[in-house]
Amino acid sequence: MFIANWKMNGSLTMLEEWLKGVGKTLNKSLQKQCLLCPPVCFLSEASNLISKLNLSISLGAQNIDPSSISSLTGGIDGSMLRSIGSEFVIIGHSERRDIFKEGDSLLLEKLKSASEEGLKVVFCIGESLSEKEQNQTLNILRQQLKIIKKVELNEFMIAYEPVWAIGTGNTANIDYIDKIHKEIIDEVTSYQKEGFLGICYGGSVDSSISKDILSIKGVQGLLIGGASLECEEFCNIVLTNNRN
Ligand code: PGA
4 MFIANWKMNG SLTMLEEWLK GVGKTLNKSL QKQCLLCPPV CFLSEASNLI SKLNLSISLG
64 AQNIDPSSIS SLTGGIDGSM LRSIGSEFVI IGHSERRDIF KEGDSLLLEK LKSASEEGLK
124 VVFCIGESLS EKEQNQTLNI LRQQLKIIKK VELNEFMIAY EPVWAIGTGN TANIDYIDKI
184 HKEIIDEVTS YQKEGFLGIC YGGSVDSSIS KDILSIKGVQ GLLIGGASLE CEEFCNIVLT
244 NNRN
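Just so we're aligned, residue 4 is where the sequence shown starts under the numbering used here, counting upward by one.
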């Protein structure tokens with residue numbers, strides 16, 4: 004799966020151009036491998052455009068608020084996300100863990116909220132540079148993964164995104180990604196969760212490196228931030244990985 008994480012970028016004009024570009028460049032079977040996660044304010048229009056343009060791309064939200072909080076100004080829960088066309092939701096992105104101090108107890112509530120509404124989850128994990136330098140990567144990742152055990156999820160993917168690789172141009176090297184993905188697969192497989200769809204990699208992915216990353220056995224998808232904003236570059240990533 005190719006996940007376009009637009010973060011806090013985009014406009015209605017860009018959305019329309021981007022989706023039209025995807026429709027022109029990718030055939031239906033390639034579109035089915037794509038998931039667009041625009042800012043939440045564009046989800047509804049994205050859903051309308053996908054129907055109007057007869058596209059097969061899926062939609063996801065970048066965040067969810069727990070339905071267990073009864074009064075939350077600015078909150079958007081899972082049923083609201085569903086009602087505007089979201090099938091997936093990203094939970095645990097390092098930017099939210101870091102800037103909004105989202106910790107395990109809040110993330111658990113978010114996972115429960117997604118699960119109650121039947122949303123599919125992209126759960127992000129990743130170590131910081133200092134954790135990597137202190138050889139703490141595997142401990143940190145196992146710690147972050149543990150809350151998955153506590154909730155009945157529908158279908159879910161793990162997105163491994165080393166924090167030091169996000170938005171920096173420093174993609175992790177192939178051997179490192181391979182090693183870490185194997186560890187994550189072993190860990191999540193031991194939880195015996197039926198809906199586990201696999202692991203995707205994220206962090207400064209673009210079309211120059213995507214094929215090498217996807218050729219690693221344990222990598223089932225890519226979570227693409229900056230490079231997903233340009234429709235042509237995003238489509239190049241999808242096309243490059245579907246050529247023999
Ligand atoms: P990036 O972002 O591709 O711009 O590094 C990835 C992400 O944070 O999801």
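Even for Gly, the Cβ is constructed at its ideal location relative to N, Cα and C.
Predicted model only: the values in this text are computed from it and were never measured.
- Counting C-beta pairs closer than 8 angstroms gives three or more between the stretch 53-72 and the stretch 6-24, which meets the contact rule.
- Under the 8 angstroms Cβ criterion, the stretch 76-92 does not count as touching the stretch 139-152, having fewer than three qualifying pairs.
- With a threshold of 6 angstroms, the Cβ atom of N12 does not count as near the ligand PGA, since no heavy atom of the ligand is closer than that.
- Rounded to whole angstroms, the Cβ separation of Y179 and I128 is 15 angstroms, and the two are not in contact under 8 angstroms.
- For G205, there is no enclosing alpha helix (DSSP H); the residue is found in the beta strand (DSSP E) stretching over F199 to G205.
- In this structure, V166 lies away from S231, with their beta-carbon atoms at least 7 angstroms apart.
- Here DSSP, grouped into helix, strand and coil, assigns A175 to coil.
- Using a cutoff of 6 angstroms, the CB of N244 does not count as near the ligand PGA, since none of the ligand's heavy atoms is closer than that.
- When distances are taken from the beta-carbon of N176 to the heavy atoms of the ligand PGA, even the shortest one reaches 6 angstroms or more.
- Under the rule that a run must span 3 or more residues, the beta strand (DSSP E) segments found entirely inside the stretch 120-155 read 123-128.
- Listed as beta-bridge partners of G224 by DSSP are C203.
- In this structure Q146 is exposed. Its beta-carbon is surrounded by fewer than 16 other beta-carbon atoms within 10 angstroms.
- Looking at the backbone, the Cα of M17 and that of E236 are separated by about 14 angstroms.
- In this structure, the beta-carbon distance from L46 to I87 falls below 7 angstroms.
- Going by beta carbons, L156 and G95 fall outside the 7 angstroms limit.
- C-alpha of S50 to C-alpha of N138: approximately 43 angstroms in a straight line.
- In the structure shown, M83 adopts helical secondary structure according to DSSP, grouped into three states.
- By the CB criterion at 7 angstroms, S210 and I240 fall inside the cutoff.
- The beta-carbon separation of I212 and T174, rounded to 5 angstroms, stays under the 8 angstroms limit for a contact.
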